[in-house]
Amino acid sequence: MSEEFEKLEQVKVPALDEILGKPFKVLDDGFIRVIDYMGSDQSVVQAARVSYGKGTKKLRQDRGLIRYLMRHKHTTPFEMCEIKFHIRIPMDAWRQWIRHRTANVNEYSTRYSIAIDSAQTTKPDEWRMQSKDNKQGSSGYFDVETGRQLSEEERKLQNLARETYQKRIDLGVAREQARKDLPLSTYTEAYWKIDLHNLLHFLRLRMEKNAQLEIRKYAQIIGHEIVAKWVPFTWEAFLDYEMNAQKFSAIELEIIKNIISANTEAVLEIAEKAGWLKVKDGRLVKNLERMEMEEKLELLGLEKPW
Ligand SMILES: Cc1cc2nc3c(=O)[nH]c(=O)nc-3n(C[C@H](O)[C@H](O)[C@H](O)COP(=O)(O)OP(=O)(O)OC[C@H]3O[C@@H](n4cnc5c(N)ncnc54)[C@H](O)[C@@H]3O)c2cc1C
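Position in the sequence shown (first residue = 1) + 1 = the working numbering.
Rendered as structure tokens:
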């Protein structure tokens, strides 16, 4: 062969090697730990340079290149890195997790083995109230006395379910059928392998404040404790351009431009046209788009003009 190829070594990230296999505790009996990984920030850079050509190598620093890729959604170089986790998680959070189809999964089988004898329990001060604004969310906590009753009922229910399950198993009922009445709080375990691009997409959705608290706790550990150590430049760029960034619609931008130039008349006209200012019984009718815009205005330190 006329072309010369450099000698390669397996990519190692010492900061990640240090926590390889170490379980990070999540919830009352869950954990997440890294089993294996492939690649690093360098692998992202290396893949990008193949597509941009060797000539650009000296022009861009690694960090700058990674930020450029993230900013412009040139995502395939991030797919060059992979990571494999071992997770222990209650089944209701797992049900949300498994919706992310771009991973490889191998889950503990309760057809083959006895179900894990552990269910997520809730402390008296951990019972959340249904949010009034967000049908999928929670807001605030119950008082501890009410929480105590809820926790006591939870304990009885979980015990009954477990005893019933055990009775069926002892009688010789097939494991695949005996499990049917186990609660969603029962822990399951899985190996979950995913590439960095799709992992960041998972984190974007599951670290967000609207994601359910339980899955958010796992996502935050993956992000802040694991990905931050594994690919620090990518993590920094992700926080900057994705997680902590804001997106503005064309309507929102027009409104902001007019707020800044103190053209309240134009602002109200745009909002009215967008259907955000409908009034019923002397009050503004709930409008999700307007409410989300109000959150963005608050972030920018701007008063809402309606
Ligand atoms: C706050 C929140 C609330 C939710 N509420 C509900 C709910 O009420 N009901 C419900 O059913 N789900 C709900 N979901 C799940 C949600 O709709 C997605 O299924 C889940 O977040 C996985 O996202 P994804 O498909 O982008 O991820 P992945 O499956 O990991 O896919 C990543 C990306 O790959 C591409 N992709 C993957 N598979 C395909 C495909 N077959 N065709 C085309 N492109 C594909 C898409 O671009 C996708 O964004 C909710 C999620 C969140 C975060």
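Beta carbons are placed, not taken as given, at the ideal position from N, Cα and C, and that holds for glycine.
Asked                                                                                                                                                                    : Found
Taking C-beta to C-beta, are residue 177 and residue 111 nearer than 9 Å?                                                                                                : yes
Ends of the beta strand (DSSP E) at residue 87?                                                                                                                          : 83 to 91
Where DSSP assigns a beta bridge to residue 195, which residues make up the other side?                                                                                  : 84 and 104
Give a yes or no on whether the C-beta atoms belonging to residue 71 and residue 48 are separated by under 9 Å.                                                          : no
What does DSSP give as the partner residue(s) for residue 139 in the beta ladder?                                                                                        : 131
Taking the DSSP output, what are the residues bridged to residue 281?                                                                                                    : 284
Examine ligand 1 and report whether any of its heavy atoms sits within less than 8 Å of the Cβ of residue 203.                                                           : yes
Looking at residue 194: is its Cβ nearer than 9 Å to the Cβ of residue 85?                                                                                               : yes
Give the residues whose C-beta lies closer than 6 Å to at least one heavy atom of ligand 1, in chain order.                                                              : 100, 101, 102, 103, 137, 199, 202, 206, 211 and 212
What does the alpha-carbon distance come out to for the pair residue 295 and residue 306?                                                                                : 9 Å
Do residue 108 and residue 40 have their CB atoms nearer than 9 Å?                                                                                                       : no
Residue 148 lies in the alpha helix (DSSP H); which residues open and close that run?                                                                                    : 145 to 172
My understanding is that residue 88 touches residue 191, with C-beta atoms under 8 Å, so please give their C-beta distance in whole angstroms.                           : 5 Å
Ordered along the chain, which non-local residues of its own chain (more than five positions away) have a Cβ less than 7 Å from that of residue 17?                      : 35, 38, 230 and 231
For residue 166, I'd like the list of residues in its chain whose CB is within less than 8 Å of its CB, leaving aside the five on either flank, ordered along the chain. : 116, 179, 180, 182 and 183
For residue 20, which three-state DSSP category applies?                                                                                                                 : coil
Considering residue 31, what are the terminal residues of the alpha helix (DSSP H) in which it resides?                                                                  : Looking at the DSSP string, residue 31 is not in any alpha helix (DSSP H); the run it does join, the beta strand (DSSP E), is 31 to 39.
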